[in-house]
Every structure is written in C-alpha cells, then in structure tokens.
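Residue numbers (this note's numbering), protein chains in the order written: chain A, 1 to 235; chain B, 236 to 470. For glycine and all other residues, C-beta sits at the position ideal for the given N, C-alpha and C. A quick write-up on the structure given underneath.
Protein chains: 2
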Amino acid sequence: MDFYKNEPSVLLAVDCVIFGFNGDSLDILLFKRAIEPEINKWSLPGGFVQAEESPEVAAARVLKKLTGLGNIYVEESAVFGDPKRESHRRVVSITYYALIDVHKYQHVITDDYEARWFPLNDCPPLIFDHEEMIRVAKGRLRSKAALYPILFELLPEKFTLPQIATLYEKTYDIVLDRRNFNRKLLGSGLLIKLKEKDKTGSRRGAYYFKLDKKVYKEKIMSFLRYLPSWNIDSE
Amino acid sequence: MDFYKNEPSVLLAVDCVIFGFNGDSLDILLFKRAIEPEINKWSLPGGFVQAEESPEVAAARVLKKLTGLGNIYVEESAVFGDPKRESHRRVVSITYYALIDVHKYQHVITDDYEARWFPLNDCPPLIFDHEEMIRVAKGRLRSKAALYPILFELLPEKFTLPQIATLYEKTYDIVLDRRNFNRKLLGSGLLIKLKEKDKTGSRRGAYYFKLDKKVYKEKIMSFLRYLPSWNIDSE
C-alpha cells in the first residue's frame, strides 16, 4: 500500500566540489559535462543517485570514477533544491566537498569528459547554480577548518610550515602573522619534525614536517569538549 | 525532451529538529505523527516537499504551521537518504534545525497531532531514523555555536549571565568555569546590561542583560576573518 501516492517525486543528484592545493593556490577540479542538457560546458562533477544508493554512496562513486581515488575526505555541503534550478526537469542536488592531495590525484582519461584544475578565484562560468555551490562549499570548508585540522588532507606526506601557512591564507583570504601562526601550529601537537629540509624556497631552507596521524585522528574524531570562542570571528 | 528519463525518482521530505531552552534543560519539540505509516508514534515534525517549493520553503511552512512562528532561526542539518530508511517507499529526508524562544512559541492546537517538549537527553523512542537526525542536529548546533553566537536565539528578550552559562553547559554537556566564561562574554560586546535584576535565583540577584542586536547581526553575518583556533577542541 502506497501511503504517499499523492506526493510529488523528484530526481536526486549529487555534485562534488573537489578542492586541491598546488602549493600556491587553492584549486577546484572542473569537468566538461558529458551529457545533455548543457553538454560540453564546465561544471562540477556529479551524477544521479541510483535506486540502491544513498546520496553519500553516489558521491563516493562519482569521486572514485573521476579522480581514481577512494577513501578520500568528503563532507556534505548543502542541498540545492530550487524548483527551477534546471529548466526542463526538477532535479534536487545534494552537494559534497572533497579534499584531496593533488599529488595522489590520478588524471582519469576517457573520451567522455575533460577535466582541469582551476584556481578557486578564477573559474570559468559554470552551468546551473554550480558557482553558488562552490561559494557555499568554500564557506563550509572554512567553518569546518576553523574547528578541525582538516586542511592537512590537502597537503602531501611531507610539508613545510610556510606551505601550511599559505594554505590557510588561501582558504581564508587573509594574510597571517606567520610567527604567531607557527607558534600555535607547533603547540598543537599535530606535527612531527623531520630531519630533511626543503631548499627550494630559500637558501636557509625550511624543515619538513609530517602529520602525527594518531593526534590528527583524535582531533578529527573528537566531537567536542570545545568551548565557544567569543572573539574568533572578530579578529 | 526528457534527457533524464532513465533516472530513478524519489520522494523528498523535510524533518525539523526544533530546539528550545526552558532555563534548565535543552529541549526539543516532538509530535505524534498524524499520517500512516507509524501513525500516532512520536516523531520529528516534517512533511513532503511540494512541486513548487524548495526544501527550505517546505521546512519554513512546516515550522510555521506547527509552532505558529514565522521568521525563526533555521539551518540545514543533513540529508538522510539510506534507500531502506522507510520500508515501503523511498523517501529522502533533508533535516533542518530551528532555534526558538520557548516563550514565543504558540502551542498550535488541532485535532491532527499532539505536540510536547522533551529534554534532549530524555526523548521517547522515535520512528525511522529520527533519533539519529537529532544526534546529528545536536552536533551541527554545537559546531555552529562554537563560531557564531546563535544560542542567543534560544533566550528570551531579557536574560542573566547564569542563564547563558547554563544554556552553553546544556548544549555542550560540560561544566563551565563561570568566572572565565562571564569575562569572555562581557568582553564580546554582545551584551547590554540592564538596570533590573532577576531575584528568583539568589538573594543578591543577577542583572538582566539584553542582546546588542547590531553587534549580534554583524557577528552572525560576518562570514569569516576568523582564524583556526588550534586548541579549541582539546580543552
């Protein structure tokens, strides 16, 4: 018996905002759309949620297919459900953002689509409401990264303090007091100093660090015991 | 032309976690479900997204109908889309949380449903995945309230410092150092001290405060310029 027989149905899609950090700019991965309508235009990668899939599973499928990467950091961003967001059919899209290490990203080559990294602040025009999806995902990333050290997902295995600072600067569009930032960072217990130095940036060089994965997991998982920080957004 | 004709469709619902603060416990408003299946069981208030509605508009409609309140604080929480979350038909639910001042809440009486406030930690068994929806909404509320002073939405026009502290304690399941908390709070610029005292709690009484709505709006709206606070979740 169908109790809900008078309710309207919709198509459900997922769209993914894939962030990467190339050492200098925060980028997102865009695709030339392979299906009608709006075929061949730049868009976020996405797909329809299939009958046996939850939306999270659909997002993971899309990400795996397009980046070659499984087991990456993914968070729900927001739902886009304006009845007129696509003109010919009602499609409600659930958006996700993913953080990947661009060094691990495998460029999956097929005849179906073309993929390219673009700086977040310099993307081509996108279809439908995809530009708004990126704007919202950036806001979610900023909020989440203010409470949890998730930006490390964007860094390679070994990284330097200036690299982390640049990543935070690009994410928040700010200029950091590097000394103060480094002090907080080293005090966080998240980093393990390596013996090796990166000499590409300066003559003196910058020590490489790696993430203490145990501490990181605790910080990522620990829901709470955090206190509201009254001044955090007035700095 | 229907480009998406082979894609499966779903029913889309909204469910709302309505938080209120009675001065002592953080509560949520539950309803006895008025429709089949699972009629008469306790559940979150919800409804189906109609053809001409976005999900946000559907949530506002449900909230207005059930609380009598328009223009309340609402945030998207998460999507619940497991293919088997309802047994007889696929329904994907978008959940929202709302913060209301219980003093403004109007108990809307109809023959259709019964509504009651329950302490967050002492709810009756709920239908489907509604208990998980509450758990997730509580987490979202905690994250958001750590960055923005949104918990004030739960307080009446006039409130005391001990009231605010209790509200934060109940939200985060912590015991605050009241002195330190009051100092941070008074330093936030959010509060205007009134001349009147609340004498119900102690002989000395506690001054009433009201929110500086201008500062509040700035803090609520100001997306960013906040810096990651490394130690925030290790306290």
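Three-state secondary structure (DSSP) of residue i
{"i": "Ser234/A", "result": "At Ser234/A, the pLDDT of 32 sits below 50, so the modelled position is not reliable; the number obtained from the coordinates is stated separately. Reduced to three states, the DSSP call for Ser234/A is coil."}
{"i": "Leu12/A", "result": "strand"}
{"i": "Pro149/A", "result": "coil"}
{"i": "Lys169/A", "result": "For the record, residue 169/A in the displayed sequence is Glu; it is not Lys. DSSP places Glu169/A in helix when its eight states are reduced to three."}
{"i": "Phe80/A", "result": "strand"}
{"i": "Pro391/B", "result": "coil"}
{"i": "Gly303/B", "result": "coil"}
{"i": "Tyr443/B", "result": "strand"}
{"i": "Glu366/B", "result": "helix"}
{"i": "Phe118/A", "result": "strand"}
{"i": "Lys430/B", "result": "strand"}
{"i": "Val410/B", "result": "coil"}
{"i": "Tyr473/B", "result": "Because chain B in this structure spans residues 236 to 470, residue 473/B falls outside the shown range and cannot be described."}
{"i": "Ile253/B", "result": "strand"}
{"i": "Phe266/B", "result": "strand"}
{"i": "Arg460/B", "result": "Caution is warranted here: a pLDDT of 38 is assigned to Arg460/B, below 50, making its placement in the model unreliable, and the coordinate value is therefore given only provisionally. It is coil, neither helix nor strand."}
{"i": "Val91/A", "result": "strand"}
{"i": "Val297/B", "result": "helix"}
{"i": "Gly46/A", "result": "strand"}
{"i": "Val337/B", "result": "coil"}
{"i": "Glu242/B", "result": "coil"}
{"i": "Leu261/B", "result": "strand"}
{"i": "Glu56/A", "result": "helix"}
Buried versus exposed, by CB contacts within 10 Å (16 or more), residue i
{"i": "Leu196/A", "result": "Reading the sequence as shown, one finds Glu at residue 196/A and not Leu. The residue is exposed, with fewer than 16 neighbouring Cβ atoms inside 10 Å."}
{"i": "His365/B", "result": "buried"}
{"i": "Asn241/B", "result": "exposed"}
{"i": "Phe254/B", "result": "buried"}
{"i": "Gly70/A", "result": "exposed"}
{"i": "Lys373/B", "result": "buried"}
{"i": "Gly68/A", "result": "exposed"}
{"i": "Pro119/A", "result": "exposed"}
{"i": "Ile228/B", "result": "Since the first and last residues shown for chain B are 236 and 470, residue 228/B lies out of range."}
{"i": "Asp357/B", "result": "exposed"}
{"i": "Pro463/B", "result": "Because Pro463/B carries a pLDDT of 47, less than 50, the predicted location of this residue cannot be relied on, and no value is offered for it."}
{"i": "Pro45/A", "result": "buried"}
{"i": "Ser278/B", "result": "buried"}
{"i": "Ile28/A", "result": "buried"}
{"i": "Pro359/B", "result": "exposed"}
{"i": "Lys300/B", "result": "exposed"}
{"i": "Lys213/A", "result": "exposed"}
{"i": "Lys454/B", "result": "buried"}
{"i": "Ile39/A", "result": "exposed"}
{"i": "Asp24/A", "result": "exposed"}
{"i": "Thr200/A", "result": "exposed"}
{"i": "Leu135/A", "result": "Per the sequence shown, the amino acid found at residue 135/A is Arg instead of Leu. Per the 10 Å Cβ criterion, exposed."}
{"i": "Asp250/B", "result": "buried"}
Spatial neighbours of residue i in its chain, beta-carbon cut-off 6 Å, leaving aside the 5 residues before and after
{"i": "Leu12/A", "result": "Val49 and Val92"}
{"i": "Glu349/B", "result": "Lys267"}
{"i": "Lys41/A", "result": "Arg33 and Ile127"}
{"i": "Glu388/B", "result": "Tyr308 and Leu334"}
{"i": "Glu75/A", "result": "Tyr97"}
CB contact check: residue i to chain D, cutoff 9 Å
{"i": "Arg324/B", "result": "The structure shown contains no chain D; the protein chains it does contain are A and B."}
Neighbourhood of residue i by C-beta distance below 7 Å, restricted to the same chain and skipping five residues each side
{"i": "Phe128/A", "result": "Arg85 and Glu86"}
{"i": "Lys339/B", "result": "Leu304"}
{"i": "Asp198/A", "result": "Thr160, Gly205, Ala206 and Tyr208"}
{"i": "Tyr239/B", "result": "none"}
{"i": "Leu450/B", "result": "The question names Leu, but residue 450/B in the sequence shown is Val. Same-chain partners within the cutoff: Gly424 and Leu425."}
{"i": "Leu421/B", "result": "none"}
{"i": "Pro306/A", "result": "Nothing in the structure corresponds to residue 306/A, since chain A is present only between 1 and 235."}
Spatial neighbours of residue i in its chain, beta-carbon cut-off 8 Å, leaving aside the 5 residues before and after
{"i": "Asn191/B", "result": "Within the shown structure, residues of chain B are numbered from 236 to 470, placing residue 191/B beyond reach of any answer."}
{"i": "Glu169/A", "result": "Val175 and Leu176"}
In chain order, what residues of the stretch 150-168 of chain A put their CB closer than 9 Å to some CB of chain B? Leu151 and Tyr168
Proximal residues, the stretch 306-331 of chain B versus chain A, C-beta separation under 8 Å: Glu311, Ala313, Val314, Gly316, Asp317, Pro318, His323, Arg324, Arg325, Val326, Val327 and Ile329
At a CB distance below 8 Å, what residues from the stretch 45-72 of chain A approach chain B? Give them in sequence order. Phe48, Val49, Gln50, Ala51, Glu52, Glu53, Ser54, Pro55 and Glu56
Touch check for the stretch 392-401 of chain B and the stretch 437-447 of chain B: three-plus C-beta pairs under 8 Å? yes
Relative to chain A, which residues along the stretch 236-248 of chain B have a C-beta separation below 8 Å, given in chain order? Met236, Asp237, Phe238, Tyr239, Glu242, Pro243, Ser244, Val245, Leu246 and Leu247
May I ask you to list, following chain order, the residues of the stretch 263-278 of chain B that have a beta carbon less than 9 Å from some beta carbon of chain A? Cβ contacts with chain A: Ile270, Glu271 and Pro272.
Would you call the stretch 94-105 of chain A in contact with the stretch 176-187 of chain A, where contact means no fewer than 3 C-beta pairs closer than 8 Å? no
If the cut-off is 8 Å on Cβ atoms, which residues from the stretch 358-384 of chain B count as contacting chain A, listed in chain order? Gly374, Arg377, Ser378, Lys379, Ala380, Ala381, Leu382, Tyr383 and Pro384
So, do the stretch 300-317 of chain B and the stretch 36-56 of chain A have three or more beta carbon pairs nearer to each other than 8 Å? yes
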